[in-house]
Amino acid sequence: MSVVHLRAVVALLGRFPALAGVDLDVESGEAVLLQGPNGAGKTSLLRLCAGLLAPASGEAVVLGHDLGRDRRSVRREVGMLAHATFLYDDLSVYENVCFWARAAGGSPAEAEAAIARLEIDTRLRDIPVVRLSTGQRRRTSLAVLVARRPRLWLLDEPHAGLDQAGRDIVDGLVRDAVDAGATVLVASHELDRTRTIASRVITIAGGVVVADQPIPGRSMPVGPAPERGGPDVA
Amino acid sequence: MSPAEVTSTGSRGTRVIGSIVLAGIVFHVLLSFVWSDPDADQGDLVRIMYVHVPSAWLAYMAFTVTAFGGVMYLWKRSLWWDLVAGASAEIGVVFCALALVTGSIWGRPTWGTYWEWTDVRIVTTLVLLLLYIGYLAVRRIPADPHQRSRRAAVVGIIAALNIPIVRFSVDWWADRTLHQKATIKLGGTELDGLMLFALFFGLILFTLIYAWMMIHRFRIAWLDEQIDRHGLDAAIAERLAESTSDVTRAVGLTKTGADL
Amino acid sequence: MTHSGFIFAAWGIVLAVLVLYSVHLVLRGRSLTNAVEPEHRRWLDSGAETKGVSHPPREQP
Amino acid sequence: MWHDVRLIAGKDLRIEWRSQVATGQVAPFAILVLVLFGFALDADTVALRTFTGGLYWVTVLFSAVLAIQRSFALESADGNRDALRLSGIEPAAIFFGKATALVVQLVLLEVLLGAGVAVLYGPSVEDFPLLVATAGVATIGVAAAGTLYGVLAAGLRVRETILPILLLPVLAPVLIGATRAFDDALGTVAVNGWNWLALLGLTAVVYVAFGALAFGVLLEDS
């Protein structure tokens, strides 16, 4: 059973069809790179998989939950890094991570461990996140994700706003997640970097999947791979 | 009738109801002004009751339909019920406003004032009107159809739950009521037969008017949905066109990436 | 008839509002009907088509 | 469930404690309204005493609108409502958590307002238990209805205007009931305040029960 199974999925933002008929299958343990121009529907696809955006039509099954019927169950099992930080400005790094970890049934100890994993400076631990830099807030959001231990990671531009060390941590997180049997979807414009962690590239444009190529040997230089789906490009 | 011949929200059904209503209005005017006599207490002012009471009853009935439509929507998730709820609320607001206006016009010669705070029904009706104006405001907020329907359903149900509470609290609040405690006593003799008949005839007539309006208003709402929906089809087609025009560029990106 | 001013005012307002609202409904219905493609003016079919309307059935790209 | 309720309520209260919006803005606003009523009624002590109950509760309702808007502004900021949905917490638990935090804030506000009224209007209290019980029950009703409408309004561009127009009419019975019960407790009108308290209790039960059921429907969409 695929972790993500989408057939002709349409999803609307108001009246706008952000997804206009997506077909996609992602197997367990895959790390998939989503690329495409701005407004292509990458973020909407991630939100759909997270159970935040309702499929208006088509078949959408994520982690075994039919999103057309039940979008609530899937949310416990996914971890989403969005453009928004999902943090409360007035709470400290520790309080934020601890709150979301405990909401997901975790413990303060797991929150501590997640903060350590993201290598957030211990001096920043008790400072309200509103006073942190963008990069530090990003790390805090990632710590929340780590503390939740999701089965499906949905990362929207995870490298944005991070310094070199932070980017390396993100890559390490993705590899660890895949090694632990989780599945990862990464939407990114930073193809060079993301290609080193992804095993497959999916191209989205105009709300549909237009190309789907494996990356054999990941970062090894290879020729164009055969297409696996999407409408006829020619 | 084939769809192409349909040029309005009217149909044989509405035309039949409409004709009956027109005849009914003539009959109701004659009944109210010519055939029935002034009331012993209220004098000629009782003639206002023949439109005031049906308006108020229809307002309550329309709001009940709205709440029922909301419940059915949440149960069946069918837009059909949501459109019924919305159509009924709008018509209910019209009748509710009419009930308030006619009530206060009746109040001026009766109480010497257009507005009597100690009168339970008039105050209750005003709160009700405000509740449903809020409901219509929620419906007008742009959203996708099911978002709007869910919000509207919840607001419509709360408003309906509020009707008895508001009624009860205002009843207590206005220690005494100036309203005729029982305008109609079943089997009583307060109103003579023809006056009672005029009230009931008004009720039937207004119910028919409500039915006629409901059919038209529902069809308008339904057509609105059609326009949105086919606008949506066009939008999806546009989006797909966008994807094919983007394909060359997007796939070009992929290949460059793959060649690294 | 006593208080005829109040009585006619009440009746007049009721009839006027009902007529105006009805005219508004009919006119709006006409303009909307004409804005919709003939094949989609389907509310006459009642039931099946309108019930359970969710979102458009889509053609596969 | 209880764990989540405490978690959410604790989080809201902690944020309020940190940001001091309630103490720095909502509370001064409430006192300001009391003073404005004094000006509007021409500092007529008799009138102010006669209408103390009504003025007090109108002030509470206006301040509550601000507190509710604030409570949901927290969740709208930076996509936190999405985060709440993603957390997998039962919507009913979120409802009770946020309503509890609102109750705590409103009770503190009411104590402050009570002190303000005592100083500015100078009413006499004849039935203190009734006063306290009324405030408690009415606050639960306000917080429950406010939490439900707060989440409905939270995601909308028109949230500042839609919240009062929806909330204040459904709180009309609460205003009436609480005012009358206060009238009795303050000895300004001879009514049976405990009956009014029962009405308030009924209202609160309806709003709490329906709120817990409907909150999830609105959280999904707003």
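Protein sequences, first through last, are from chains A, B, C and D.
In this text, residue positions in the first sequence follow the UniProt record's numbering: the first is 1, and each later residue adds one.
In this text, residue positions in the second sequence follow the UniProt record's numbering: the first is 1, and each later residue adds one.
In this text, residue positions in the third sequence follow the UniProt record's numbering: the first is 1, and each later residue adds one.
In this text, residue positions in the fourth sequence follow the UniProt record's numbering: the first is 1, and each later residue adds one.
Glycine residues also receive a C-beta, built at the ideal position from the N, C-alpha and C atoms.
Small disclaimer: the values here were computed from a predicted structure and weren't measured.
Taking a beta-carbon distance threshold of 8 Å, Ser149(B) does not count as an interface residue toward chain C. Secondary structure at Gly14(A): coil, using DSSP grouped into helix, strand and coil. Straight through space, the alpha carbons of Arg117(A) and Asp176(A) are spaced by roughly 11 Å. With respect to Thr85(A), Asp156(A) sits apart: the two C-beta atoms are not nearer than 8 Å. Here DSSP, grouped into helix, strand and coil, assigns Arg117(A) to helix.
For Met61(B), the enclosing alpha helix (DSSP H) starts and ends at Val46 to Lys76. Put simply, the CB of Arg117(A) is far from chain B, with every gap to its CB atoms at 8 Å or more. Along the segment 71–90 of chain D, the positions whose C-beta sits under 7 Å from a C-beta of chain A are Leu74, Ala77, Asp78, Gly79, Asn80, Asp82, Ala83, Arg85, Leu86, Ser87, Gly88 and Ile89, read in chain order. Here the C-alpha atom of Phe95(D) lies approximately 14 Å from the C-alpha atom of Ala103(A). Restricting attention to Leu22(B), Ala23(B) and Ile227(B), the CA atom closest to the CA of Ser31(C) is found in Ile227(B). Shown here, His5(A) sits in a strand according to DSSP, grouped into three states. By the Cβ rule, the segment 197–204 of chain D counts as touching the segment 170–178 of chain D, because three or more pairs are nearer than 8 Å. Phe210(D) has a beta carbon lying within less than 8 Å of a beta carbon in chain B. Within the same chain, Cβ atoms closer than 7 Å to the Cβ of Ala20(A) are found at Val10, Gly206, Gly207 and Val208, the five residues on either side in sequence being excluded. Within the same chain, Cβ atoms closer than 8 Å to the Cβ of Pro37(A) are found at Ala205, the five residues on either side in sequence being excluded.
In the structure shown, the three-state DSSP call for Asp224(B) is helix.
DSSP, reduced to helix, strand and coil, places Trp153(A) within a strand of the structure shown. With respect to the 8 Å criterion, Thr139(D) and Gly211(D) are not classified as neighbours on the basis of their beta carbons. Nearest to Ile122(B) by C-alpha distance, out of Tyr135(B), Tyr132(B) and Thr102(B), is Thr102(B). Distance check between Asp89(A) and each of Leu84(D), Ile68(D), Ser87(D) and Glu75(D) places Glu75(D) closest, using alpha-carbon atoms only. Listed as beta-bridge partners of Met195(B) by DSSP are no residues whatsoever. Shown here, Gln35(A) sits in a strand according to DSSP, grouped into three states. The count of Cβ pairs closer than 8 Å, one atom from the segment 195–203 of chain B and one from the segment 72–90 of chain B, stays below three, leaving the stretches out of contact. Counting only residues of its own chain and dropping the five nearest sequence neighbours on each side, Leu34(A) has a CB closer than 7 Å to the CB of Lys42, Leu45, Leu185, Val186, Ala187, Ile202 and Ile204. Within the segment 88–105 of chain B, those residues whose Cβ lies closer than 7 Å to any Cβ of chain C are, in chain order, Val94, Leu98, Val101, Thr102 and Ile105.
Interface criterion not met: the Cβ of Ser169(B) is under 8 Å from no Cβ in chain C. DSSP, reduced to helix, strand and coil, places Thr140(A) within a helical segment of the structure shown. Look at Leu152(A): its C-beta is not under 8 Å from any C-beta on chain B. Glu95(A): member of the alpha helix (DSSP H) spanning Val93 to Ala103, first to last residue. Inter-residue distance for Ile215(B) and Arg47(B) is about 29 Å (C-alpha atoms, whole angstroms). At a cut-off of 8 Å between beta carbons, Arg7(A) makes no contact with chain B.
Contact with chain C is found for Met213(B), since one of that chain's Cβ atoms lies less than 8 Å from the residue's Cβ. Assignment of Thr45(D) by DSSP, reduced to helix, strand and coil, places it in the helix class. Here Ser19(B) has no same chain residue with a Cβ atom under 8 Å from its own Cβ, once five neighbours each way along the sequence are excluded. Within the same chain, no Cβ atom closer than 6 Å to the Cβ of Gly14(A) is found once the five residues on either side in sequence are excluded. At a cut-off of 8 Å between C-beta atoms, Ile227(B) does not count as an interface residue with respect to chain A.
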